[in-house]
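**Student:** Under my numbering, the first residue of the sequence shown is numbered 72, with each subsequent residue one higher. Even for Gly, the Cβ is constructed at its ideal location relative to N, Cα and C. No experiment lies behind these values; they were computed from the predicted model shown.
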Amino acid sequence: MNLRSISWKSYHQGVCNLFENLIGQDSIKKQLNTGIQQARLPHSLLFSGEDYSGKMTAALELARAISCNTENAPWDCNCRSCRDHRVMNNPDLLLLGRRYFLEEIKASAELLNRSRANFSVYMFIRNVRKLLKRFEPVIWEGQEKKLSKYSGTLSSVSELLEQLDPEKELMEENALKKYLDDITNQIRTLIPAVPATTPIDQIRNISKWAHRTSSGKAKIVIIEKADTLLEGSANSLLKILEEPPPHVSFILITDRKGSIIQTIRSRVRNFEFTPRSADTSRLILEKLFRHEESSLSLNQFFQSWSDTDYNFISAHIRLFMDSCFTGASIRDLDDLFLYFDKNKSKEDLKRFLRLLSDELRLRYVEDPDLISTVQGQQLVNEIQIEINKCLSNSQIYNQSSLFLLESLFYNVREKYEAFCK
Numbered sequence: 072m073n074l075r076s077i078s079w080k081s082y083h084q085g086v087c088n089l090f091e092n093l094i095g096q097d098s099i100k101k102q103l104n105t106g107i108q109q110a111r112l113p114h115s116l117l118f119s120g121e122d123y124s125g126k127m128t129a130a131l132e133l134a135r136a137i138s139c140n141t142e143n144a145p146w147d148c149n150c151r152s153c154r155d156h157r158v159m160n161n162p163d164l165l166l167l168g169r170r171y172f173l174e175e176i177k178a179s180a181e182l183l184n185r186s187r188a189n190f191s192v193y194m195f196i197r198n199v200r201k202l203l204k205r206f207e208p209v210i211w212e213g214q215e216k217k218l219s220k221y222s223g224t225l226s227s228v229s230e231l232l233e234q235l236d237p238e239k240e241l242m243e244e245n246a247l248k249k250y251l252d253d254i255t256n257q258i259r260t261l262i263p264a265v266p267a268t269t270p271i272d273q274i275r276n277i278s279k280w281a282h283r284t285s286s287g288k289a290k291i292v293i294i295e296k297a298d299t300l301l302e303g304s305a306n307s308l309l310k311i312l313e314e315p316p317p318h319v320s321f322i323l324i325t326d327r328k329g330s331i332i333q334t335i336r337s338r339v340r341n342f343e344f345t346p347r348s349a350d351t352s353r354l355i356l357e358k359l360f361r362h363e364e365s366s367l368s369l370n371q372f373f374q375s376w377s378d379t380d381y382n383f384i385s386a387h388i389r390l391f392m393d394s395c396f397t398g399a400s401i402r403d404l405d406d407l408f409l410y411f412d413k414n415k416s417k418e419d420l421k422r423f424l425r426l427l428s429d430e431l432r433l434r435y436v437e438d439p440d441l442i443s444t445v446q447g448q449q450l451v452n453e454i455q456i457e458i459n460k461c462l463s464n465s466q467i468y469n470q471s472s473l474f475l476l477e478s479l480f481y482n483v484r485e486k487y488e489a490f491c492k
């Protein structure tokens, strides 16, 4: 079969039902479909669950569906709103918050270069626009000076992206690779400009935007990492959620529902996304990324596309835990601390802490002293709480990664020594 001839529609086996591309979340699909069909979805929703569980996929498809001018909102609908949503270019959609932009873009660029399939063109365009959408002028009103230093790169990437059209023939192989590398290199300079937590100015700007008239059927605001909102931003958002304009929907996305203030949680309907199983992850990698017989989790797959030295971090996970548990010197971790002292990326620390949580669970299962006693279970829970606090202090309060890791080391060691007494 000619891969270039595969459309997004046929890629989904000819089925254009809503949320068909949301794999492994049947309960969520049923709830959302029912809500749309019965016109009973509230205007404020919370999509919660682990990373890589499909929350953004569901949010974008829901945004398209409630904006569609055709009954049942099929994926291949030809109304203007759906055409714009398919390439993430609908002016009535705003996206805020951080995500793993680079990993998604690099993975989809490699897929497009390898497969040259129609669906991979859509995927690449959408992944780049997930980032570009964070720089909509309406979001940055009053902060134009901050945005101006990125204006040249934004214009360049936008113009390059216009050259890619799912309905037209792709450029030849060497030209395509150079084109994809060019976009990927330029977006690296944009990612640091996305705020670590959505600031109050941006929340106020979307409030003003939400109350403006629109030529479309609906306006949608999607806020990722909603759990990282600081008090001022959270309270400002709460005011909008208390009295949302009738034509505007808000979709909050989080992997830490408990960190969202209770007053906001009381104003939204929560949809809990379950973790993807190994079989579901394998299916997604085979179906979406053409990775046959992959044993990687989705987390591992995307981390493999990070600019982070993944092998270095993975190799130091066990060393970190060993040093905490054996009483070894903190100097044994000098290489790790030096890495984080030089590399200021909060995403790198997040990856390290996630892998550390995996290592903790593995030790819990393998160590009879931990798994067979109440004290051992309590120790593991307390260490996980320390890991979670470390992540929160990094992402919400922007504390130094080096300081946080050193503090985590001493806190974990203290708890383990108390357990051993």
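On the three-state DSSP scale, how would you describe residue 220?
**Tutor:** Coil.
**Student:** When the Cα atoms are used, what is the spatial distance from residue 380 to residue 263?
**Tutor:** Distance between the alpha carbons of residue 380 and residue 263 is about 18 Å.
**Student:** Going by beta-carbon coordinates alone, are residue 478 and residue 461 separated by less than 9 Å?
**Tutor:** Yes, these two residues count as a Cβ contact at 9 Å.
**Student:** Is the stretch 434-449 touching the stretch 288-305 in the sense that three or more CB pairs, one from each, lie closer than 8 Å?
**Tutor:** With the cut-off at 8 Å, the stretch 288-305 and the stretch 434-449 do not touch.
**Student:** Nearest to residue 486 by alpha carbon, out of 282, 455 and 465?
**Tutor:** Of the listed residues, the one whose Cα sits closest to residue 486 is 455.
**Student:** Given a cut-off of 9 Å on the beta-carbon distance, is the pair residue 156 and residue 138 in contact?
**Tutor:** Their beta carbons are under 9 Å apart, which means residue 156 touches residue 138 by this criterion.
**Student:** Is the beta carbon of residue 320 sitting closer than 9 Å to the one on residue 297?
**Tutor:** Contact: no.
**Student:** Grouping DSSP H, G and I as helix and E and B as strand, with all else coil, what is residue 78?
**Tutor:** Interpretation of residue 78 is limited by its pLDDT of 39, a score under 50 that renders its predicted location unreliable; the figure taken from the coordinates is listed afterwards. Three-state DSSP puts residue 78 in coil, outside helix and strand.
**Student:** Can you tell me whether residue 317 is buried or exposed, with buried defined as 16 or more other CB within 10 angstroms of its CB?
**Tutor:** Exposed.
**Student:** Who are residue 341's beta bridge partners in DSSP?
**Tutor:** Answer by DSSP bridge pairing, in chain order: 117.
**Student:** Could you spell out the range, first to last residue, of the alpha helix (DSSP H) harbouring residue 321?
**Tutor:** Careful: residue 321 lies outside any alpha helix (DSSP H), inside the beta strand (DSSP E) at 319-325.
**Student:** Count the other C-beta atoms from every protein chain shown that fall within 10 angstroms of the C-beta of residue 89, then say buried if there are 16 or more, exposed otherwise.
**Tutor:** Residue 89 should be labelled buried.
**Student:** Suppose you measure from the CA of residue 464 to the CA of residue 267; what does that come to, to the nearest Å?
**Tutor:** Looking at the two C-alpha atoms, the distance is approximately 12 Å.
**Student:** Would you please state the rounded distance, in angstroms, between the beta carbons of residue 166 and residue 133? I believe it to be under 8 Å.
**Tutor:** Their Cβ separation, rounded to whole angstroms, is 13 Å, which puts residue 166 and residue 133 out of contact at 8 Å.
**Student:** What three-state label does DSSP hand residue 265 in the structure shown?
**Tutor:** Coil, per DSSP.
**Student:** Quick check on the DSSP output: the beta strand (DSSP E) that includes residue 483 runs from which residue to which?
**Tutor:** That residue, residue 483, is in no beta strand (DSSP E); its alpha helix (DSSP H) goes 472-491.
**Student:** Tell me the DSSP bridge mates of residue 291?
**Tutor:** For residue 291, which the question treats as bridged, DSSP gives the partners 164 and 320.
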